[in-house]
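First the structure, in the form of C-alpha cells, and then the observations on it.
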Amino acid sequence: MHAEIIRSTIKLNKNMKLLDIGGGTGEISNYFVNDVKEISILDPSKEMLSKIDSNKIKRFCGSAEKIPFKNNSFDIIYCVDSLHHFTNSKDIKEWRKVIRTSINEMSRVLNKKGTIIIIEFNPQKIGGKIIKFIENSLYNFGSSFYDPNSLGDLFKTEGMSSKLEYERGHTYVLKITKNI
Ligand SMILES: C[S@@+](CC[C@H](N)C(=O)[O-])C[C@H]1O[C@@H](n2cnc3c(N)ncnc32)[C@H](O)[C@@H]1O
Numbered sequence: 001m002h003a004e005i006i007r008s009t010i011k012l013n014k015n016m017k018l019l020d021i022g023g024g025t026g027e028i029s030n031y032f033v034n035d036v037k038e039i040s041i042l043d044p045s046k047e048m049l050s051k052i053d054s055n056k057i058k059r060f061c062g063s064a065e066k067i068p069f070k071n072n073s074f075d076i077i078y079c080v081d082s083l084h085h086f087t088n089s090k091d092i093k094e095w096r097k098v099i100r101t102s103i104n105e106m107s108r109v110l111n112k113k114g115t116i117i118i119i120e121f122n123p124q125k126i127g128g129k130i131i132k133f134i135e136n137s138l139y140n141f142g143s144s145f146y147d148p149n150s151l152g153d154l155f156k157t158e159g160m161s162s163k164l165e166y167e168r169g170h171t172y173v174l175k176i177t178k179n180i
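Right under this line is the structure:
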C-alpha cells in the first residue's frame, strides 16, 4: 500500500536514482527495482539490511543524521515509517536536533529538482496515539512523531516546500521539494 502511494505521488523513470532512508529489509524498494536506474537503502540495522533479497538494491549501513553520499546525488528520497525512528535510543533533549540534522542531510543529497516523500503517522489521530503508546510507553523506543503541519514546517525551515499529498486515518504523506 505504501509503495503504491509513492508510485501515485511521483512518476518514476529509468533515469532516476532513489534513496530509501530507513528502508530496512527492502519491502518498499522491492516494488521499484525494475522502474528506475538505481536504488540505495540506508539503514543503521545490519540485520535488516542482510534480509534484502534483491541484488539490484545497494545497501549502506548508516544513519539519516550522516548520509554517506555526495551533494545532489538522488532524484527521489523516501522515508516510510522510518523518520520517527531516527531518534530511537537518543536522549529526548536531542530529538529535535536529530530530526533537523537528518532533514538537512536529506536536502543536501537531493538533486535540485528532486522530491522527498515522507510517510508518517499523525500522533493527533487515534491510530497514531496508539502507535506512539506502543513504541514509547510499552517499548521505550524513543520515537518522535510529528503531525503533518509541524513536520512540514521543519522542512520549510530548511528551505524546502512541503505539501500534504495524502492523509487517511493516522497515515499521512508529505511531498517535499526544494525551493529553486
Ligand atoms: C519500521 S522500520 C520501516 C522499514 C521500511 N521503511 C518499511 O516500511 O518496510 C523502521 C526502520 O528505520 C530504521 N532506522 C532507525 N533509525 C534510523 C536512522 N537514524 N536513520 C535511518 N534509518 C533508521 C530502522 O533500522 C528500521 O529499519
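For reference, each letter of the sequence shown is one residue, going 1 to 180 in the numbering used here. Even glycine gets a Cβ: it sits at the ideal position worked out from N, Cα and C. Since this is a predicted model, take the numbers as computed values, not measurements.
- Taking the Cβ of residue 82 as the reference point, at least one heavy atom of ligand 1 falls within a distance shorter than 7 angstroms.
- With a cut-off of 7 angstroms, the C-beta of residue 74 is classified as distant from ligand 1, since no heavy atom of the ligand falls inside that distance.
- Taken in chain order, the segment 124-157 contains no complete beta strand (DSSP E) segment of 3 residues or longer.
- Restricting attention to 14, 20 and 15, the CA atom closest to the CA of residue 3 is found in 20.
- Taken in chain order, the complete alpha helix (DSSP H) segments of 4 or more residues contained in the segment 3-74 are 46-50.
- For residue 51, same chain residues with a beta-carbon under 6 angstroms away, outside a window of 5 residues either side, are 25 in chain order.
- In the three-state DSSP reduction, residue 107 falls in the helix class (H, G or I).
- Shown here for residue 94: same chain residues with a beta carbon closer than 8 angstroms to its own, the five before and five after excluded, namely 87 in chain order.
- In the three-state scheme derived from DSSP, where H, G and I count as helix and E and B as strand, residue 162 is classed as strand.
- Boundaries of the beta strand (DSSP E) harbouring residue 174: 171-178, taken from the DSSP string.
- Using a Cβ distance threshold of 8 angstroms, residue 166 and residue 5 count as a contacting pair.
- Cα atoms of residue 175 and residue 153: separation of roughly 12 angstroms, rounded to the nearest angstrom.
- For residue 120, the beta-bridge partners assigned by DSSP are 172.
- Residue 42 has its Cβ nearer than 7 angstroms to a heavy atom of ligand 1.
- In this structure, residue 32 sits near residue 12, with a CB-CB distance shorter than 8 angstroms.
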